[in-house]
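Each residue of the sequence shown is one higher than the last, beginning at 2 in our numbering.
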Amino acid sequence: MREPTERFDATVHPGAANRDLRGVADLDLDRIPDPEGAVRVLVTADECRRLLERGYEVHLHAPVPVRPLPAELVEQDEAVRRWLEERLEGIQRAGGA
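Rendered as C-alpha coordinates:
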(Lines of atoms letter the chains of each structure in order from A and count residues from 1; the text may use other names and numbers.)
(Lines give C-alpha, C1' and ligand atoms only; values in the text may rest on other atoms or scores of the structure.)
Protein backbone atom coordinates (compact mmCIF):
# COMPACT_ATOMS: atom_id res chain seq x y z
CA MET A 1 0.00 0.00 0.00
CA ARG A 2 1.36 3.40 -0.98
CA GLU A 3 1.70 6.09 1.68
CA PRO A 4 -0.52 9.14 1.09
CA THR A 5 1.22 12.32 -0.05
CA GLU A 6 -1.64 14.52 1.09
CA ARG A 7 -4.16 14.65 3.91
CA PHE A 8 -7.07 16.95 4.51
CA ASP A 9 -8.05 19.30 7.31
CA ALA A 10 -11.71 18.36 7.77
CA THR A 11 -14.63 18.57 10.18
CA VAL A 12 -16.98 15.68 10.85
CA HIS A 13 -20.69 16.30 11.30
CA PRO A 14 -23.69 14.11 12.08
CA GLY A 15 -25.08 12.52 8.93
CA ALA A 16 -28.49 11.16 8.04
CA ALA A 17 -27.35 7.62 8.93
CA ASN A 18 -25.19 8.43 11.96
CA ARG A 19 -26.05 11.26 14.35
CA ASP A 20 -23.66 10.28 17.21
CA LEU A 21 -20.24 11.95 16.79
CA ARG A 22 -18.75 10.04 19.75
CA GLY A 23 -18.11 7.15 17.35
CA VAL A 24 -15.51 9.21 15.49
CA ALA A 25 -13.11 8.64 18.41
CA ASP A 26 -13.28 4.87 17.78
CA LEU A 27 -11.83 5.29 14.30
CA ASP A 28 -8.31 6.18 15.53
CA LEU A 29 -8.05 9.34 13.42
CA ASP A 30 -5.69 12.25 14.03
CA ARG A 31 -7.88 14.81 15.77
CA ILE A 32 -6.86 18.43 16.05
CA PRO A 33 -8.19 21.22 18.31
CA ASP A 34 -11.04 23.27 16.94
CA PRO A 35 -11.79 26.69 18.48
CA GLU A 36 -15.51 26.23 17.84
CA GLY A 37 -15.71 22.79 19.45
CA ALA A 38 -16.27 20.85 16.22
CA VAL A 39 -14.82 17.40 15.60
CA ARG A 40 -11.82 18.39 13.48
CA VAL A 41 -9.56 15.75 11.94
CA LEU A 42 -6.54 15.41 9.70
CA VAL A 43 -7.45 12.57 7.32
CA THR A 44 -6.51 10.78 4.12
CA ALA A 45 -8.95 10.22 1.26
CA ASP A 46 -9.42 6.62 2.48
CA GLU A 47 -10.25 7.83 5.99
CA CYS A 48 -12.79 10.27 4.52
CA ARG A 49 -14.37 7.35 2.69
CA ARG A 50 -14.56 5.35 5.97
CA LEU A 51 -16.30 8.25 7.71
CA LEU A 52 -18.81 8.57 4.87
CA GLU A 53 -19.43 4.81 4.85
CA ARG A 54 -20.25 5.01 8.57
CA GLY A 55 -22.88 7.64 7.89
CA TYR A 56 -21.09 10.86 8.86
CA GLU A 57 -20.94 14.06 6.85
CA VAL A 58 -17.39 15.27 6.16
CA HIS A 59 -16.45 18.86 5.24
CA LEU A 60 -12.99 19.28 3.73
CA HIS A 61 -11.33 22.62 4.49
CA ALA A 62 -7.80 22.44 3.11
CA PRO A 63 -5.26 19.99 1.69
CA VAL A 64 -2.24 19.36 3.93
CA PRO A 65 0.88 17.89 2.28
CA VAL A 66 2.53 14.98 4.08
CA ARG A 67 6.18 15.77 4.69
CA PRO A 68 8.79 15.24 7.39
CA LEU A 69 8.67 17.47 10.44
CA PRO A 70 11.43 20.13 10.25
CA ALA A 71 14.40 19.03 12.36
CA GLU A 72 14.37 22.27 14.39
CA LEU A 73 10.92 21.34 15.74
CA VAL A 74 12.09 17.97 17.11
CA GLU A 75 13.39 18.14 20.69
CA GLN A 76 16.47 16.12 21.57
CA ASP A 77 16.21 13.54 24.37
CA GLU A 78 18.65 15.35 26.67
CA ALA A 79 16.76 18.65 26.35
CA VAL A 80 13.49 16.91 27.24
CA ARG A 81 15.12 15.21 30.28
CA ARG A 82 16.42 18.58 31.53
CA TRP A 83 12.98 20.18 31.03
CA LEU A 84 11.28 17.36 32.93
CA GLU A 85 13.81 17.41 35.78
CA GLU A 86 13.30 21.18 36.18
CA ARG A 87 9.56 20.67 36.56
CA LEU A 88 9.93 17.74 38.95
CA GLU A 89 12.50 19.50 41.16
CA GLY A 90 11.36 19.60 44.76
CA ILE A 91 8.65 16.95 44.35
CA GLN A 92 9.00 14.09 46.82
CA ARG A 93 9.65 10.84 44.97
CA ALA A 94 8.73 7.33 46.04
CA GLY A 95 11.59 5.77 47.97
CA GLY A 96 12.86 9.17 49.12
CA ALA A 97 14.99 9.78 46.02
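We put the beta carbon where it would ideally sit given N, CA and C, even for glycine.
With burial defined as no fewer than 16 other Cβ atoms inside 10 Å of the residue's Cβ, what is the status of residue i: buried or exposed?
{"i": "Leu30", "result": "buried"}
{"i": "Arg88", "result": "exposed"}
{"i": "Arg8", "result": "buried"}
{"i": "Val44", "result": "buried"}
{"i": "Val75", "result": "exposed"}
{"i": "Val81", "result": "exposed"}
{"i": "Val65", "result": "exposed"}
Apart from the five residues on each side of it in sequence, which residues of its chain come closer than 7 Å, Cβ to Cβ, to residue i?
{"i": "Val59", "result": "Ala11, Val13, Cys49, Leu52, Leu53"}
Spatial neighbours of residue i within its chain, please: CB distance less than 6 Å, with the 5 preceding and 5 following residues excluded, ordered by chain position.
{"i": "Gly16", "result": "Gly56, Tyr57, Glu58"}
{"i": "Asp35", "result": "Arg41"}
Skipping 5 residues on each side, what residues in its chain have a beta carbon closer than 8 Å to that of residue i?
{"i": "Val67", "result": "Glu4, Pro5, Thr6, Glu7, Arg8"}
If residue i sits next to residue j, beta carbons under 8 Å apart, how far is it from one beta carbon to the other, in whole angstroms?
{"i": "Val40", "j": "Leu22", "result": "5 Å"}
{"i": "Phe42", "j": "Ile33", "result": "In the sequence as displayed, the identity of residue 42 is Val instead of Phe. At roughly 7 Å, the Cβ-Cβ gap stays under 8 Å, so Val42 and Ile33 are in contact."}
How is residue i classed by DSSP in three states: helix, strand or coil?
{"i": "Asp35", "result": "coil"}
{"i": "Leu1", "result": "Since the first and last residues shown for the chain are 2 and 98, residue 1 lies out of range."}
{"i": "Val42", "result": "strand"}
{"i": "Glu86", "result": "helix"}
{"i": "Val75", "result": "coil"}
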